[in-house]
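Numbering (the numbering used here), first residue to last: 847 to 1429. Just so it is clear, CB atoms sit at the ideal spot from N, CA and C, and this is done for glycine as well. Everything numeric in this text was worked out from a predicted model, so none of it was measured.
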Amino acid sequence: MNHQETLTTYLASFIQGLSNSGVRDVVISPGSRSTPLALLIADHPKLKYHINIDERSAAFFALGIAKQTRNPVALLCTSGTAAANYFPAIVEAKLSRIPLIVLTADRPHELRDIGAPQAIDQIHLYGKHVKWFAEMALPEIGKEMTYYARTTATRAISMSIQQPAGPVHLNFPIREPLLPRLTPSPFGELEDQSVIKVKQGSTLLDLGEMKTICDRLQTLEKGLIVCGAIDYPQFSAAVLEMADSLGYPIIADPLSQLRSGTFSENNIIDSYDAILKDIVSDEMLYPDVIIRFGGMPVSKPLTKFMKRLEGTEQYIIEAGDSWRDPINSATQMIYCDETLFCEGLLNQLDTKRHSKWLKMWQNLNQIARNTIINEISDISELDEGKLVLELIKRLPQNSHLFVGNSMPIRDVDTFFHFNQQNIRVLANRGANGIDGVVSSALGASLYGESLFLLIGDLSFFHDLNGLLAAKMHQLNITIIVINNNGGGIFSFLPQSNEPKHFEALFGTPTDIEFEYVVKMYNGKYSKISNWDEFHRSINEAITLKGLNVIEVPTNRDVNVEIHRKMWKRVSAEIEQYVHGEIE
């Protein structure tokens, strides 16, 4: 069999294995060495491919698709620094538990380490940031090799979705010539190949262990359930029912998917960040036990609060084998599927607890929420916190909100209050970086109708190349750019007290006119100057198609003053309530 037939049969078997194992989307960064893989992927009848020229943007675009669909997405590039440009998104995928199948083409072994062009060391290129790495064999023919190619694809998918999910990396050395056979299609010949199925199980506690935990919790009235970033469709109903029976409030991070839905808000506490910001008499809030699900919450006051809880039992529930306890506070690390844990505990509970503890947290939450709304609503100037309040009111039912890091996600934490609009909130909170956010949101928009991205100006600037995907693939997205001309979050940090070098090192104003960039990518652009214009822009955005960018200019210094005044007012109201309760 000649080289072309060998190349075609071997790589087509691998690609068929991807399809058989559930991959539907592949993001391709154009290049030469990856030619046979790219052509065969494009020719596959069941795979949908998406071209993204900039490799860094491409990787984040794939991450966004996987985040939105909750399914593994493949990612292909040529050899050399193209593969290195995937690195930031792979780091994010590992930490945020997103399944990516990273396919890198490579020079064959005889062309490595001898000065050949576009050749770098790609073996274990991503180190511990991938769950699994395999250096693929050079294309050969025969039953064993086609079986090897097909089963390696299946194994890669299985590894990527096994909890905790994450990226895997397969490196393909390929010799020239690089053109495969496309006619007749090789995939028709592969339809009769046996399909290997991998059954994924769920981690469970035995009934005895579950009963022990249940018996203990029934003796502890003062409990908190803390839900960080977790996005499993069945989890919300299970944890809400468990919380209702235990009589425990749920500290609901915006990425917990518990802030918006058609369920009851009875146990949901959404203003904990403001409650805990500067409260003096917080001992009465100390729980006897914390049950924590998902990643660490966005809120720093909450993190500090949990860290100083000496004597509080803290259970961390993990579906996989990771160890997410950066505050070193866990008393029990419980490896169990999060939904099954809630359901199992619920089955063991004897009665529903009616708790004064829950009522106290509900009262505090209502006080904090009302104070925030009252303090912010009357502000006439464009303000970042009020922007979140006004945006959420106008988002349509079942929409998606992708949130940038730094101040946007923190403002969403403070100002996104419970509603029944069923808004799904997404963000890249694995490494918390500002890179690739535009591309991730665009990837999510591929399958997420009515998607809005809330992002700061520096983060928007950081991924302007990502806007090309909107133009190439006719994606529908509204991007709200909060432009305070720099790094607004640093104005809240101690370095803001050192004015001598603050602007150069931390404020980093760019003075960019984003209008020209948006028009370059055929987008609609508007810059608003008052709240009436903002309301009109959001209302129009709901029906607009294509790329739509709304720039909201704000003032960093004024924003800090408004936030601090609001927090001070909330703290005063909370203290008044606390002292009244104590007396």
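Rounded separation between residue i and residue j - CA only
i	j	result
GLU1429	LYS1146	Legend: pLDDT at GLU1429 = 47, less than 50; position of this residue unreliable, no value from coordinates given.
ASN848	PRO1026	11 Å
PHE933	ARG902	8 Å
GLY868	VAL937	23 Å
ILE1373	VAL1327	According to the sequence shown, residue 1373 is Lys rather than Ile. Computed Cα separation, rounded: 9 Å.
GLY1289	HIS1319	10 Å
LEU1131	ASP1119	13 Å
PHE1261	GLY877	45 Å
MET1366	HIS896	21 Å
LEU1053	ASP1183	14 Å
GLY1369	LYS974	39 Å
GLN1160	GLN1064	15 Å
MET1412	ILE1218	6 Å
ASN1311	PRO954	31 Å
ALA1277	THR997	32 Å
THR1356	VAL919	35 Å
THR881	GLY1166	37 Å
THR855	ALA928	26 Å
LEU971	GLN1266	45 Å
SER1168	ILE1222	40 Å
GLU1110	ARG1275	Looking at the sequence provided, one finds Ser at residue 1110 rather than Glu. Approximately 27 Å, taken between the alpha carbons.
VAL1044	PRO1079	22 Å
ILE1180	GLU1164	6 Å
GLU1361	ARG1154	47 Å
ASN1394	ILE1255	21 Å
ALA1273	GLN1103	12 Å
HIS1308	SER1091	46 Å
LEU1228	GLU1055	53 Å
SER865	ASN917	12 Å
LYS977	ARG1382	46 Å
CB contact flag (residue i, residue j, <8 Å)
i	j	result
VAL792	VAL1271	The structure shown has nothing for residue 792, since the chain only spans 847 to 1429.
LEU885	LEU1028	yes
ILE1042	PRO945	no
VAL872	LEU909	no
ASP1077	VAL1144	no
LEU1210	ILE1420	yes
LEU1050	LEU1186	yes
LEU1070	ILE1114	no
GLU1230	ASN1405	yes
GLN850	PHE1033	no
SER1082	GLY1107	yes
THR924	ARG879	yes
ASN1329	PRO1399	yes
ILE1301	ILE1325	yes
GLU1067	ARG1240	no
PRO1019	MET982	yes
ILE1173	MET1152	yes
ILE947	ILE1003	yes
TYR1293	ILE911	yes
ALA1466	LEU984	Residue 1466 lies beyond the residue range present for the chain, which begins at 847 and ends at 1429; the question has no answer from this structure.
SER1175	LYS913	no
LEU853	ARG870	no
Integer-rounded CB distance, given that residue j should sit under 8 Å from residue i
i	j	result
PHE1264	ASP1116	5 Å
ASP788	THR1149	Past the boundaries of the shown model lies residue 788; the chain is included only from 847 to 1429, so the question cannot be answered.
ILE1280	SER1245	Actually they are not in contact, since the Cβ atoms of ILE1280 and SER1245 sit about 23 Å apart, beyond 8 Å.
PRO1030	ARG943	Not a contact, Cβ separation roughly 41 Å.
ALA935	ALA905	3 Å
ILE1225	ILE1396	Contact doesn't hold; Cβ gap of about 19 Å is too wide.
GLY1140	GLY1074	4 Å
LYS1057	GLN1194	6 Å
TYR1423	ILE1213	6 Å
ASN1017	GLN964	No, ASN1017 and GLN964 are not in contact; Cβ-Cβ is about 14 Å, not under 8 Å.
Beta-bridge pairing of residue i - partner residues as DSSP gives them
i	result
VAL1406	Note: VAL1406 sits in no beta bridge, so no partner.
MET1179	ILE1162
PHE1248	LEU1272 and LEU1299
PRO1019	ASP952
THR1324	PHE1298 and ASN1394
ILE944	ILE944 pairs with nothing; no bridge assigned.
ILE1219	DSSP, once it has assigned bridges, lists no residue as partnering ILE1219.
**Item:** Minimum length 4: unbroken alpha helix (DSSP H) runs contained in the region 957 to 1015
**Value:** 989 to 1007
**beta strand (DSSP E) segments (min. 3 residues) lying fully within the region 1027 to 1070** = none
**Request:** Mind listing, in chain order, the continuous beta strand (DSSP E) runs of no fewer than 3 residues lying wholly within the region 849 to 895?
**Result:** 871 to 874
**Prompt:** What runs of the beta strand (DSSP E), each 3 residues or longer, lie entirely inside the region 1259 to 1294?
**Reply:** 1270 to 1273
**Request:** Return the chain-ordered ranges of every alpha helix (DSSP H) run that is complete within the region 1352 to 1420 and spans a minimum of 4 residues.
**Result:** 1360 to 1366 and 1377 to 1387
**Asked** Which runs of the beta strand (DSSP E) fall wholly inside the region 1109 to 1165 and span at least 3 residues, in chain order?
**Response** 1135 to 1139 and 1159 to 1164
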